[in-house]
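Here the working numbering = 1-based position in the sequence shown + 77. First comes the structure, then the notes that go with it.
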Amino acid sequence: MWYRMLLLSSLSVLPLTTSAELRHYVASLDQSQWKLLQNSPVACTLEHDIPSYGRAVFSSRAGKELNLQFTLDMWQKPDAVTDARLLSKAPMWRPGVMSRTITDLHYQKYFNGEVPKRAAWTMLNELERGMEPTFYYTDWNDKDSTVAVGLSSVNFRGEYADFKQCLANLLPYSFDDIAFTVLTYESGGAELTRSSKAQLARVQRYLKYDQEVELVLIDGYTDSFGGRSINQKVSEKRADAVKQLFVSEGIAANRIKAEGHGERRHVALNTSDSERERNRRVVIRITKPEE
């Protein structure tokens, strides 16, 4: 009874009464499992099943800044906009430890619950010290019923250590940073400029790890110096060289389309060295399925 009264007193933000039914979803000691499902330089995902409810997902992707997203993936999505409160509370085997509020939330209709970045980090910190982050909200189908959804800290620390190592190894650039890339060449051949070599290395490394990439389009171009037929062959050679580099890194050849366009589709005049350099280029475009 004292445990139930403590939970209710912590939820003054919600329209609860002492007669409200509380349905509590949380993994038991033998059910609680944390799994690092993605562990690569482009994505880290730590998941936890919540029996009879759904799953909790912490995720981060490669980027210039360290990011973190938490999603409460529900089997049954909200049927109405719903206010919720996220508390950190002690598990039942740690009586007397007071709960504290992490944040207040709004669940959107038909969407999973998401938590802001700062609060998501707080959830990880609380789990690491053995607490149980728990969401409370009024059931959108039954206003006299309150739902509590807890994340068990049992078996958390080992997988969390691996998750933190994964975060430390994420690439310092994102898909958006390499999805459209222009490589430029030195005059008269297949030698990339210094900056383009560095950018190509970034693209190459990203493609090696991101299994969600659907198609890579490679288009080669030249300036207007030399004969048109020769320039056409040079542009094709440049595009194919980039394709073969990607294939050597394990990207399936049927997911890469390379084409040379010769002198066509200039992006600058050909009256100066800098303008001609802009026209001597390979353009890489990378697509992924829309989320």
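Yeah, the Cβ is synthetic: ideal placement off N, Cα and C, and Gly gets one too. This one's a predicted model, so the numbers in the text were calculated from it and none came from an experiment.
Coarse secondary structure for residue i, derived from DSSP in three states
i           : result
residue 333 : strand
residue 85  : No answer about residue 85 holds up, because its pLDDT of 40 lies below 50 and its placement is not dependable.
residue 104 : coil
residue 209 : strand
residue 324 : helix
residue 367 : coil
residue 137 : strand
residue 79  : Any reading at residue 79 must be qualified, since the residue scores a pLDDT of 34, below 50, and its modelled position is unreliable; the value itself is stated next. Helix, per DSSP.
residue 235 : helix
residue 198 : helix
residue 94  : Only weak support is given to the placement of residue 94: the predicted model assigns it a pLDDT of 42, under 50, and the value that follows is read from those uncertain coordinates. Coil.
residue 277 : helix
Cut-off 8 Å between Cβ atoms - residues of its own chain near residue i, not counting five sequence neighbours on either side
i           : result
residue 216 : 100, 222, 223 and 224
residue 291 : 332, 364, 365 and 366
residue 102 : 127, 128, 129, 130, 224, 225, 226 and 227
Beta-carbon proximity list for residue i, same chain, < 7 Å, skipping 5 on both sides
i           : result
residue 268 : 262
residue 346 : 352
residue 313 : 297 and 337
residue 197 : 135, 145, 146 and 147
residue 258 : 276, 280 and 361
Cβ neighbours of residue i in the same chain (closer than 6 Å, five flanking residues each side left out)
i           : result
residue 214 : 159, 161 and 224
residue 328 : 284
residue 294 : 334 and 362
residue 244 : 121 and 137
Identity of the residues DSSP links to residue i by a beta bridge
i           : result
residue 358 : 261 and 298
residue 116 : 121
residue 162 : 181 and 213
residue 132 : 126 and 150
residue 226 : 102 and 212
residue 61  : Residue numbering for the chain in the displayed model covers 78 to 368; residue 61 lies beyond these limits and cannot be assessed.
residue 293 : 333 and 363
residue 269 : 262
residue 170 : According to DSSP, residue 170 bridges with nothing at all.
Cβ of residue i within 8 Å of any chain B Cβ
i           : result
residue 203 : Going by chain labels, chain B is absent from the structure shown, which holds only one protein chain.
Heavy atom of the ligand NAP within 7 Å of residue i beta-carbon
i           : result
residue 366 : For the structure depicted, the ligand NAP is absent and the ligand set is empty, with no information on it obtainable.
Beta carbon of residue i nearer than 8 Å to that of residue j
i           : j           : result
residue 343 : residue 356 : yes
residue 208 : residue 166 : yes
residue 260 : residue 138 : no
residue 239 : residue 116 : yes
residue 109 : residue 232 : yes
residue 180 : residue 201 : no
*Can you give, in chain order, each stretch of the beta strand (DSSP E) that sits fully within the stretch 237-261 and has at least 3 residues?*
If you keep only unbroken beta strand (DSSP E) runs of at least 3 residues inside the stretch 237-261, you get 257-261.
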